[in-house]
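Quick note: the first sequence, position 204, residue 574 per my numbering, numbers continuous.
Ideal Cβ positions, reconstructed from N, Cα and C, are used throughout, including at glycine.
Worksheet: the structure to be examined is printed underneath.
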Amino acid sequence: MSEYNPAAIEPKWQKYWIENKIFKTDDTDRSKPKYYVLDMFPYPSSSGLHVGHPEGYTATDIIARYKRKKGFNVLHPIGWDAFGLPAEQYAIKTGTHPKITTKENIQRFREQLQSLGFSYDWDREVDTTDPAYYKWTQWIFLQLYKQGLAYQSSVAVNRKPMRQWMLRITAYAERLLEDLEEVDWPDSIKEMQRNWIGRSIGADIDFRVSGHDETIRVFTTRPDTLFGATYMVLSPEHPLVDVLTTAEKKSAVVAYRAEAANKSELDRTDLNKDKSGVFTGGHAVNPCTGKEIPVWVADYVLMSYGTGAIMAVPGHDERDWEFAVKYDIPIIEVVKGGDVSKAAYTDSDDGIVVNSANDEVSINDLPVAEAKVKITAWLEKKGLGEKTVNYKLRDWLFSRQRYWGEPFPVIFVNGEPKPMREEDLPVTLPEVERYKPSGTGESPLATIEEWVNTTDPETGAPARRETNTMPQWAGSCWYYLRYIDPDYTEGPVSLEKEQYWMPVDLYVGGAEHAVLHLLYARFWHKVLYDVGVVSTKEPFQRLVNQGMILGELEFTAWKDAAGNYVPANALEPGIDYLPEKLSEDQVEKKGTDFVIAGTGIVIDARSFKMSKSRGNVINPDVVVEQYGADSLRLYEMFMGPLEQVKPWSMKGVEGVYRFLKRVWRTFVDEETGKIRSGIGDAEPDRDQLKIMHETIKKVTEDIEGHRFNTAISQLMIFNNEAMKWEVKPAGLMKTYIRLLDPFAPHIAEELWEMLGEKSVLAFTEWPGYEEKYLQSDSMVIAVQVNGKLRASIEIPSDKAGDKAFVLALARDNSQVQKYIEGVTVVKEIFVPGRIVNIVVRV
RNA sequence: GCCGACGUGGUGGAAUGGUAGACACGACAGACUUAAAAUCUGUUGGGCCUUAUAGCCCGUGCCGGUUCGAGUCCGGCCGUCGGUACCA
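See below:
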């Protein structure tokens, strides 16, 4: 072969890697340090891989290949999060069993991933739909149950209350929050998790109900404003609503509650910001002022947070203020600093408490923080309340009315749930012909009588199976443990292996899983830690989110109904415009905007999320076919920083493809198809060594820092130089191949073989660099006068630290002289090896 | 609204507080070619001036500050993207 031909060399090496199990992880050698690098679990969809997948996968593959060369025992697995709705819906439509669809999709994904040359250990593939896998998902559910963390609750499904399984994740809220400190994740993700958990400190306070022997308990984060509570609100679902409602208000309250019950979550939040409510006719007593205040029912108070009831302080809470103004309820200022007749004053940093004293206690003149402490202490002493912590986090609804999911390992005997014994696992899905929803809102499994009706294996008593299945999250909550020990039969994972391999050292995936998947997996991991299955508190030590890849840049001009162009920055909302796609040569840049060439008509220039409807989806198969897997890998890394959102560009792919062709020609004589005669046992000269060691240093540091784009640019710089060398020292050229290998492993293997090497490239040692080769005889120093660059001077490297020498040379420079002649030199800044700055007074 | 990220050439992007624009795309000019493709060489932030590949000015969203020196640090705006939202 003479020209670079990825279509020939890539399949060759992929076959070689797989058939010889080159990347099978050695799980007996415990002397090496381990490195566990993990990709987020893919769902094998029918549409196959898109270009977003190989972005993260290439990054982890580079790390895996690099770490192997650095002497680590690397665990780099892949598998399938294969339960899920699309396969079930496809089954309903076509009658094809989800198992078959799933198998086909996995096959396709596997082939696509292998065509990209990822160095996975294919013997560790896991599949969540495999009974041998979900047996242990069910087993973990049993542990949750035994810990009292799985319970049944009545939840409305399609407006009907049904018994559903819930997981008590709230019991772990504090630990999920605290242990974020221990992991090396992006701040933004940690912050999102913190917000989701939503911890807030405040007080529970009891309000006595007038005329009844009841109290209303509220949660507030602002006990300091208690003196300003002029009414209370119960959520429509609150049990005390009936007690408080007076006869004459009854019909209004009943109507309001019915209305609220019919509103969806959306109606109650997004669409309807306008507060509504109704007075119950009942009153409660403000424990501080002793005054009676009215109790309302309003759906801006949610039953699911806090106690489902609030004390309303319209002076210092925006929602209460809005409500009070609408219903003409008094507003009292108890924190000084704003104007409560105009808006709620919610500042708690600068405000000073006022109007807040009774016979026993005064918090007047205190800053908010101190007032909170003092009033809470008083309430506690009087038995009227206590300091509490609340979380936004809710328990996890764990039941789905689906066929294609893990069955619960639970039977009902005489209507009572009974967990199954470990030896009776797995509970497998029945083979059926029909997957249609039951029509009753229940799971399709409910219609399969021969499966539902069973006997208690322990007693032989008649029993019914749980017909809901687990959500898709279940399988992905612990898959990273199964990779460690995929064939283990005594538990999800053996402790010895878990202790060696965990935690995951690097976890790469999309930010869309920032909250739920990561929170759920952390929760399960902590439960497994508590029951002794794992030895680590947190599963994922380091997390990196790859940025989304957008479609190619698009230029869009807008036309009105009459067909006239309208500038993109002058579009009026509510009017329909016709988009017109323009090509690159129809547009030009004007100031900060793009305009139609030759006009001043501003157009939109941006990239969009890839989507079928927009028609801007890039299929990786097509890229591999045209340019090869190495080009795809290289381009996805060269586009920009891994974490960043970035637009696709086919021209960019061509760019890296040309680079690989140049690398090929650096090594191969295209006339003969053999390694160039110029590559031989020559001694490298000083310049060659310098750029070689610079390249080793840069590539090494950039891989460690996940700056793959700049690592690749250094590989380009080296090749651009090496192409010019008449004689190319073979040692250097082989070192270069080893640096290139993690990024473009197919071409690297091929050239390695052509260079006559017999060793397995994947396990050759990563090159080290030596400082001494990074130096050259001379260096260029920038000379500034008053911070402006005026000259560059060349100095011998060994004089780099000699301030007097360098400064003398700098002042001697004719350019510099123009600026320092006849003025006073005030100061001279000298940064060795970099810069000189002469400060003068003019 | 709140939380978080980010604003650098025509484009993607690069720059431990120290010569802004590495590397790549595109464009332009040239070489090779009957021609095209491929490949190679050169130029390429804007402007001024010039015989000059000399020199000067401006330039990292906007305004201000710290510093000998700011794309980088600090304060305040503006804009884009992502998350989240009646959470008391």
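Residues V655 of the same chain have their beta carbon placed closer than 8 angstroms to that of K661, with the five preceding and five following residues left out of the count.
A direct Cα-Cα distance of roughly 15 angstroms separates L1102 from V1038.
Going by DSSP, E1091 is part of the alpha helix (DSSP H) stretching over F1078 to A1092. For N1090, the closest of E584, R1032, P414 and A502 by C-alpha to C-alpha distance is R1032. Residue nearest to W506 within the set N734, V903 and W555 is V903 (criterion: CA-CA distance). For G647, the uninterrupted beta strand (DSSP E) run begins and ends at G647 to V655, by DSSP. When C-alpha distances from R529 are compared across Y515, N632, F453 and V553, the shortest belongs to N632. According to DSSP, S570 shares a beta bridge with N760. In the structure shown, T590 falls within a strand segment according to DSSP collapsed to helix, strand and coil. Take the alpha-carbon of A881 and the one of V407: they are about 17 angstroms apart. In this chain, the beta strand (DSSP E) harbouring G880 covers L876 to G880. Close CB contacts of K1060 within its chain, under the 7 angstroms cut and outside five residues either way in sequence, are with Y1143, L1144 and S1146 (chain order). Under DSSP, K1158 takes part in a beta bridge, and its partners are V1155.
In the structure shown, the three-state DSSP call for L749 is helix. A Cβ-Cβ distance of about 7 angstroms is found for the pair Q956 and I966, placing them in contact under the 8 angstroms criterion. Annotation: the region 796 to 833 contains the following complete segments of the beta strand (DSSP E) (minimum length 3 residues), in chain order: 823 to 825.
DSSP places S732 within a strand segment (E or B) once states are collapsed to three. Pairing L749 with P593 gives a Cβ-Cβ distance under 8 angstroms. In this structure, the straight-line span from the alpha carbon of V695 to that of D717 is close to 20 angstroms.
Shown here, A461 sits in a helix according to DSSP, grouped into three states. Here M1093 is exposed, its C-beta having fewer than 16 other C-beta atoms within 10 Å. If you check the CB distance, D500 and I476 do not come in under 8 angstroms.
Fewer than three Cβ pairs drawn from the region 392 to 402 and the region 884 to 901 lie within less than 8 angstroms of each other, which leaves the two stretches out of contact.
Sequence-distant partners of Y460 (beyond 5 residues in either direction) whose C-beta falls short of 8 angstroms from its own C-beta, in its chain, are S416, T466, P468 and T471.
Cβ-Cβ distances below 6 angstroms link K757 to A573 and T746 in the same chain, with the five nearest sequence neighbours on each side left out; the list follows chain order. Bridge pairing for E1198: I1208 [DSSP]. Where S846 is concerned, the enclosing alpha helix (DSSP H) starts and stops at W843 to S846.
Excluding residues up to 5 positions away in sequence, A714 lie with their Cβ nearer than 6 angstroms to the Cβ of E688 in the same chain. According to the DSSP assignment, T1036 belongs to the alpha helix (DSSP H) that extends over M1020 to F1037. In the structure shown, L865 falls within a helical segment according to DSSP collapsed to helix, strand and coil.
By the Cβ neighbour-count rule, I1199 is exposed, with fewer than 16 other Cβ atoms within 10 Å of its own. Secondary structure of K440 (DSSP, three-state): coil.
Counting only the Cα atoms, P684 lies some 11 angstroms from K712.
Under the DSSP assignment, V623 falls in the alpha helix (DSSP H) whose first and last residues are K620 to N632. Linking G921 to S977 through their CA atoms gives a straight-line distance of about 6 angstroms.
The residue from Y858, L547 and G721 with its alpha-carbon nearest to that of L736 is G721.
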